[in-house]
Amino acid sequence: METRNLKYFLAVVDAGSVTRAAEVLDIAQPALSQALTRMERDLGVKLFERTRRGAQLTAAGEAIVEDIRLSVARIDSASHRAREIGAQRGGRLTIGFVSAALFGLLPRAIAALRSEVPNVELALREMSNAEQASALEKGGIDIGLLHTPVAVGGRMREKLIVRERLLAVLPSSFAIGGDGRVGLRDLSEAGLVWFPSDQLPVIRAGILSAFRKAGCEANVVQDANRSLTVLACVAAGCGASLLPQSATAVQFTGVRFCDVRDGDNLPPFELSAIWPMRSRPTLADRFAALLEA
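Following our numbering, the numbering of the sequence shown begins with 1301 at its first residue and continues without gaps.
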């Protein structure tokens, strides 16, 4: 059945008569009657009983009217969405992100995208590095904001957004030096709260190396798979940690940030965007262009 005929059917239902529906639709009454007759013939059932008082739904008509309303609404919605996407005013974008992206970067980029593409539909997924790499390969997300270096299979684009230094994250009661800093040995003695080894293996290896160069070992005493979980564990006295400078945007009771006195060998903490390479411009390309530190 044609969508137009479905709309004609609903117009008659709402108007209560073919004559009034024809006036609302601004078409000739015979044309509307013929369209309804074709619809009834296609379905093999009678939809209306015509009386002097108008047109009343039959039992068959009553049975399908709400389904038709829903179908027409979905068709109209799909048509609108297609036009919006064609005019680059809409579309759907699934974004994966690590916790560090929440500290200013992601909100700014979303606001900028919504300004440029007002009818964009966003799906936001907080995920670990490993989860995002898998989702990018399988098409589960359109773009990922994650820590690099990381291995992602397939033809991908990559944009480095920010490279930050690591700061010490300490319980509020932790004693620091007169210079307002701590040393790697202090962190080693406190024990580290850090991400699981399969999440950020390259950064973890760089941290372990920096501790060895300082003459001590990084003692990981607690795994935590999100930045907020790291902060909670430090506040609870589980140990100390190392997080990028952007994490200071979070006002978390019970923790303090400070510089690492001998932290020159600590690896930088990179946040990058990775998304599939396509032959035509995509919403992911547009979003990536808006990502700025």
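All C-beta atoms in this analysis are idealised placements derived from N, C-alpha and C, irrespective of residue type, glycine included.
| query | result |
| --- | --- |
| Assuming contact is defined by CB atoms lying nearer than 8 Å, are V1482 and I1476 in contact in what I supplied? | yes |
| For R1352, which option in G1316, L1460, A1400 has the closest C-alpha, if you only look at C-alpha atoms? | G1316 |
| Three-state secondary structure (DSSP) at M1427? | coil |
| Using DSSP's beta-bridge definition, name the partner residues of F1594. | Outside the modelled stretch of the chain, which goes from 1301 to 1593, sits residue 1594, for which no answer is possible. |
| V1398 and P1449 - do their beta-carbons sit closer together than 8 Å? | no |
| Residues in the same chain with beta-carbon distance under 7 Å from L1487, minus the five sequence neighbours each way, listed in chain order, please. | A1468, A1540 |
| What residue does the alpha helix (DSSP H) around F1587 start on, and which one ends it? | 1583-1589 |
| Could you check where the alpha helix (DSSP H) with D1562 kicks off and where it finishes? | Looking at the DSSP string, D1562 is not in any alpha helix (DSSP H), and its letter there is neither H nor E. |
| Please identify the residue among E1570, A1412, S1333, A1373 whose C-alpha is closest to the C-alpha of T1303. | A1373 |
| Determine the DSSP secondary structure at T1394, reduced to helix, strand or coil. | strand |
| Quick check on this structure: which residue in R1561, G1515, A1490 has the alpha carbon closest to the alpha carbon of D1479? | R1561 |
| Go ahead and pull the three-state DSSP assignment for T1448. | coil |
| Rounded to the nearest angstrom, how far is the Cβ of R1586 from that of S1472, given a contact under 8 Å? | In fact, because the Cβ distance is near 43 Å, the residues do not count as touching under 8 Å. |
| Return the CA-CA distance between L1413 and D1559, expressed in angstroms with no decimal places. | 35 Å |
| Kindly indicate which three-state DSSP category F1474 falls into: helix, strand or coil? | coil |
| Which of the three DSSP states is assigned to K1346 in this structure? | coil |
| Counting only the same chain and skipping the five closest in sequence on each side, list residues whose C-beta sits under 7 Å from that of Q1551. | none |
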